[in-house]
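Visitor: With the UniProt record's numbering applied, the sequence shown covers 1 to 622.
Using N, Cα and C, we set each Cβ at its ideal position, and we do this for glycine too.
My structure is below; once you've seen it, I'll send some questions.
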Amino acid sequence: MVEIKKLLVANRGEIAIRILHAARELGIETVTLHTTSDTSHTHHAHASLLLPSPTAFTDIPLIISLARSNGIDAIHPGYGFLSESPVFSLACKEVDILFVGPSTDILNLCGSKTDARNLATSCGVPVLKGLEGATNDINVAATFAGEIGYPVVIKAVDGGGGRGIRRVSEEGELADAFKRCVNESPSGRIFVEKAASVGARHVEVQIVGDSHGGLVALGTRECSVQRRFQKVVEFCALGDERLEGRLCAYALKMAQRLGYQSLGTFEFLVDGQEIWFLEVNPRLQVEHTITEEVFDIDLIQLQLSIAAGGGVPSGLQKNGCSIQLRITAEDPSQSFALSLGKISTWVPPHGRGVRVETHLRPGTSVSAELDSLLAKIIITASTWKGAVAKANRALEDTLISGVKTNLPLLLAVVSHLDFITRNISNTWLESHLPELLGASQTQLFAPPQQDPGAVAPVVSLGAPLLRKGNAWTLSLSSDSGTVEKHSITISRLLQNDFPTLLAAEVVHRTETGGEKSYKALLKASTADASLAQRRKGDPGKVEHIIVPFAGEVVELGVKVGERVKKGQVVVVVRQMKTELEVRAHRDGVVRWGWDVKEGDRVEGGELVAEVAGEVAGRSARL
Numbered sequence: 001m002v003e004i005k006k007l008l009v010a011n012r013g014e015i016a017i018r019i020l021h022a023a024r025e026l027g028i029e030t031v032t033l034h035t036t037s038d039t040s041h042t043h044h045a046h047a048s049l050l051l052p053s054p055t056a057f058t059d060i061p062l063i064i065s066l067a068r069s070n071g072i073d074a075i076h077p078g079y080g081f082l083s084e085s086p087v088f089s090l091a092c093k094e095v096d097i098l099f100v101g102p103s104t105d106i107l108n109l110c111g112s113k114t115d116a117r118n119l120a121t122s123c124g125v126p127v128l129k130g131l132e133g134a135t136n137d138i139n140v141a142a143t144f145a146g147e148i149g150y151p152v153v154i155k156a157v158d159g160g161g162g163r164g165i166r167r168v169s170e171e172g173e174l175a176d177a178f179k180r181c182v183n184e185s186p187s188g189r190i191f192v193e194k195a196a197s198v199g200a201r202h203v204e205v206q207i208v209g210d211s212h213g214g215l216v217a218l219g220t221r222e223c224s225v226q227r228r229f230q231k232v233v234e235f236c237a238l239g240d241e242r243l244e245g246r247l248c249a250y251a252l253k254m255a256q257r258l259g260y261q262s263l264g265t266f267e268f269l270v271d272g273q274e275i276w277f278l279e280v281n282p283r284l285q286v287e288h289t290i291t292e293e294v295f296d297i298d299l300i301q302l303q304l305s306i307a308a309g310g311g312v313p314s315g316l317q318k319n320g321c322s323i324q325l326r327i328t329a330e331d332p333s334q335s336f337a338l339s340l341g342k343i344s345t346w347v348p349p350h351g352r353g354v355r356v357e358t359h360l361r362p363g364t365s366v367s368a369e370l371d372s373l374l375a376k377i378i379i380t381a382s383t384w385k386g387a388v389a390k391a392n393r394a395l396e397d398t399l400i401s402g403v404k405t406n407l408p409l410l411l412a413v414v415s416h417l418d419f420i421t422r423n424i425s426n427t428w429l430e431s432h433l434p435e436l437l438g439a440s441q442t443q444l445f446a447p448p449q450q451d452p453g454a455v456a457p458v459v460s461l462g463a464p465l466l467r468k469g470n471a472w473t474l475s476l477s478s479d480s481g482t483v484e485k486h487s488i489t490i491s492r493l494l495q496n497d498f499p500t501l502l503a504a505e506v507v508h509r510t511e512t513g514g515e516k517s518y519k520a521l522l523k524a525s526t527a528d529a530s531l532a533q534r535r536k537g538d539p540g541k542v543e544h545i546i547v548p549f550a551g552e553v554v555e556l557g558v559k560v561g562e563r564v565k566k567g568q569v570v571v572v573v574r575q576m577k578t579e580l581e582v583r584a585h586r587d588g589v590v591r592w593g594w595d596v597k598e599g600d601r602v603e604g605g606e607l608v609a610e611v612a613g614e615v616a617g618r619s620a621r622l
């Protein structure tokens, strides 16, 4: 076996902490990466290296250079970022640094959903009817969809984490869905497959393989509680041993054909006793925790051991049930819009059978550049009934404030009869969302905030303290000796990385008594401040189309004077690498449109356009 002496954890947040703990318990010296405003995981490592920005987590030359100059002999990528990058794996190999994960060849194959489908077919594993090969031609996609019939699913061949995937129910939805998936695909290529029935469930198999031919399946995980193809709640308690045996057999057959090494997850759709292969995730999964609980094993320590030449264990037995609950900085009532801000209160749950994985502490900032996952609560009990009861209690004991979260929604989910009886599918959460949101409004009580309706500011740890109500007077003197005085007061702080960046809503007053509201953006890189007046939308006005989430403008679909149809895309906003559409809620003519351009940052609640026409609803829909 190779001895890992110094490990670089090329990640952040809760997963960086989890890997650092596992490595330190093995006596390995640990190093991690951080940015100036994201340091909550650094004190869990022996050392940490500063990155210039969040985007540098995917800068392969920079990370390799840092690793070489700091004597690193192994890199664990965690999940996300570079965890599935064959280019990164190969770059590590070329400089004799151990990549903790599958081989470059396996990453290449599994990174293509079409290649993975072909592997499944060659192994006799059922797949949904799909397009042969990838394409970037919408005509090819439209022709195939017409042949097999709607609904279909469009997928980026190299997408993941809910990105680059759209369900298309009818022909009229195809063009927008195709464009979004192509834009979210690194390669710009997609494929099309027949959508499974509405009642299908999402179940995955955990595989572990070593370099000596050892291979084992560590049971299944149910991941059907999801929205926009992103998992929210997962559990180890399938309840059907025959079905679980078939799923594990399919996964083992494919893994054996690959010569799979390290951790891997083989994902399937299940409807009754019917099974269809979905994809392979050749990395550590967010939900690995529940497999650890029911098998009483540390998967990350096992992954490190296998990378160093160790073998898979034998004789592992599954005991009990485990549930993972993902707490995210999202507002479910606003289409799961990212909630930016600063954590002011964090009280995690405790007790037997309750495990919490998080990087949170009071003062932790939530920014648009990083993942919305705040914490994972993992519940384990000897029975399903006991696990559900414990999950309810743990969520009730959890307190978090400063940003809006999905915590009340999680409690509504685990309290619902369908969840208790495990009668759910991968469309269940979205189809029951109005009911769940209604139930969640009275479930939890959090400490009062100064302004409950406001989105709290993003604050850099090194920035000076600025808050609502701070005011300045700007005096401008001309050569003639005249002086103009301007008073500026912060009404809402949006992001404070001063002096690099300051974004706020301000009230501007002049000596003559005039007063106007503006959104101010101060960028040190351009050495100027730009003031742009943005209007807030009024949900009570039927003519208002409002963007419900913050993000970057990707595409503007309408202009003043244009006629729009109900359901037409008005604007596309990118939030955390996913493109979200705001559509017109009625027919009419655009009589006002906001002054933004592609690439501009916008905030939730801003007015996109005013549409005059027949009443057909009261808010924009996604």
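Taking the alpha-carbon positions, what's the residue 259 to residue 77 distance?
Guide: Taking the straight line joining both Cα atoms gives about 21 Å.
Visitor: Taking the Cβ atom as the reference point for each residue, do residue 241 and residue 220 lie within a distance shorter than 7 Å?
Guide: No, the pair does not count as a contact, with Cβ atoms beyond the cut-off.
Visitor: Tell me the rounded alpha-carbon separation between residue 8 and residue 96.
Guide: Each residue's alpha carbon lies about 14 Å from the other.
Visitor: Buried or exposed for residue 591, going by 16 or more other Cβ atoms inside 10 Å?
Guide: With fewer than 16 Cβ atoms within 10 Å of its Cβ, residue 591 is classed as exposed.
Visitor: Just curious, the alpha helix (DSSP H) that residue 21 is in, first and last residue?
Guide: Start and end: 13–25.
Visitor: Under 6 Å Cβ to Cβ from residue 312, same chain only, skipping five residues before and after it: list those, please.
Guide: Contacts found: 208, 210, 214, 216.
Visitor: Is it true that the region 280–295 meets the region 146–155, where meeting means three or more beta-carbon pairs spaced less than 8 Å apart?
Guide: No: the two stretches stay apart, fewer than three of their Cβ pairs being nearer than 8 Å.
Visitor: For residue 402, collect the residues of the same chain with a Cβ closer than 6 Å to its Cβ; drop the 5 residues on either side in sequence, then sort them by chain order.
Guide: Within the same chain, residue 402 has close Cβ partners 341, 342, 343, 344, 456.
Visitor: Is DSSP giving residue 360 helix, strand or coil here?
Guide: Here residue 360 sits in coil by DSSP.
Visitor: Starting from residue 652, trace the beta strand (DSSP E) in both directions and tell me its first and last residue.
Guide: This structure gives no information on residue 652, because the portion of the chain shown stretches from 1 to 622.
Visitor: So is residue 483 buried or exposed if we call it buried at 16+ other beta carbons inside 10 Å?
Guide: Exposed, since its Cβ has fewer than 16 Cβ neighbours within 10 Å.
Visitor: Can you tell me which of 180, 226, 89, 235 puts its alpha carbon nearest to the alpha carbon of residue 378?
Guide: Nearest option by C-alpha distance: 235.
Visitor: Given that a residue counts as buried once 16 or more other Cβ atoms are within 10 Å of its Cβ, and exposed if not, what is residue 421?
Guide: Counting Cβ neighbours within 10 Å, residue 421 comes out exposed, since fewer than 16 surround it.
Visitor: Between the C-alpha atoms of residue 352 and residue 314, what's the straight-line distance to the nearest angstrom?
Guide: In a straight line, the C-alpha of residue 352 is about 27 Å away from that of residue 314.
Visitor: Around the Cβ of residue 434, are there at least 16 other Cβ atoms within 10 angstroms (buried) or fewer (exposed)?
Guide: Residue 434 should be labelled exposed.
Visitor: Quick one, which of 56, 597, 15, 325 has its alpha-carbon nearest residue 45's?
Guide: The option with the nearest alpha carbon to residue 45 is 15.
Visitor: Excluding five sequence neighbours on each side, which residues of the same chain lie with their C-beta closer than 6 Å to the C-beta of residue 551?
Guide: If we look at residue 551 and ignore the five residues flanking it on each side, its Cβ neighbours are 573, 574, 575.
Visitor: Beta carbon of residue 331, beta carbon of residue 376: below 7 Å?
Guide: No, these two residues do not count as a Cβ contact at 7 Å.
Visitor: Could you check the C-alpha separation between residue 327 and residue 337 for me, to the nearest Å?
Guide: Those two C-alpha atoms are separated by around 14 Å.
Visitor: So, at 6 Å on beta carbons, what are the nonlocal neighbours of residue 228 in its own chain, with the 5 sequence-adjacent residues on each side left out?
Guide: Contacts found: 162.
Visitor: Which residues mark the beginning and the end of the alpha helix (DSSP H) in which residue 122 is found?
Guide: 113–122 is the span of the alpha helix (DSSP H), which, as asked, contains residue 122.
Visitor: Count Cβ pairs between the region 81–95 and the region 53–67 that sit closer than 8 Å; are there 3 or more?
Guide: Contact between the region 81–95 and the region 53–67 is present, because at least three Cβ pairs lie under 8 Å.
Visitor: How big is the Cα-Cα spacing for residue 598 and residue 554?
Guide: Computed Cα separation, rounded: 5 Å.
Visitor: Would you grab the beta carbon distance between residue 101 and residue 305 for me? Rounded to a whole angstrom, and I think it's under 8 Å.
Guide: Residue 101 to residue 305, Cβ: 13 Å. No contact.
Visitor: When DSSP labels each residue in this structure, what does residue 291 get in the three-state scheme?
Guide: It is helical.
Visitor: What are the residues that DSSP puts in a beta bridge with residue 551?
Guide: 602, per the DSSP bridge assignment.
Visitor: Would you report the Cα separation of residue 529 and residue 29, rounded to the nearest angstrom?
Guide: The predicted position of residue 529 is uncertain, since its pLDDT is 37 and thus under 50; a value taken from the coordinates is nonetheless stated next. If you take the alpha carbons of residue 529 and residue 29, they lie about 45 Å apart.
Visitor: Does DSSP put residue 383 in a helix, in a strand, or in coil?
Guide: Residue 383: coil per DSSP, three-state reduction.
Visitor: By the DSSP assignment, the alpha helix (DSSP H) with residue 47 in it spans what residues?
Guide: Note, residue 47: premise wrong, no alpha helix (DSSP H); beta strand (DSSP E) at 47–50.
Visitor: With 16 other CB atoms within 10 Å as the buried threshold, where does residue 35 fall?
Guide: Per the 10 Å Cβ criterion, buried.
Visitor: Could you tell me which of 145, 266, 320, 503 sits nearest to residue 204, measuring between CA atoms?
Guide: Among 145, 266, 320, 503, the Cα nearest to that of residue 204 is on 266.
Visitor: Could you tell me whether the region 275–290 touches the region 67–87, using the rule of 3 or more Cβ pairs below 8 Å?
Guide: Judged by Cβ distances under 8 Å, the region 275–290 makes contact with the region 67–87, as three or more pairs qualify.
Visitor: Where do the N-terminal and C-terminal ends of the alpha helix (DSSP H) with residue 594 fall, by residue?
Guide: It is not in any alpha helix (DSSP H) - residue 594 carries neither H nor E in the DSSP assignment.
Visitor: Should residue 195 and residue 167 be called a contact, given that it needs their Cβ atoms to be closer than 7 Å?
Guide: For residue 195 and residue 167, yes; Cβs fall inside 7 Å.
Visitor: By Cβ distance, which residues of its chain are closer than 6 Å to residue 364, with the 5 residues on each side in sequence left out?
Guide: Counting only Cβ-Cβ distances below 6 Å, and skipping sequence neighbours, we find 40, 343.
Visitor: Taking DSSP as the reference, what is the three-state secondary structure of residue 206?
Guide: Strand at residue 206.
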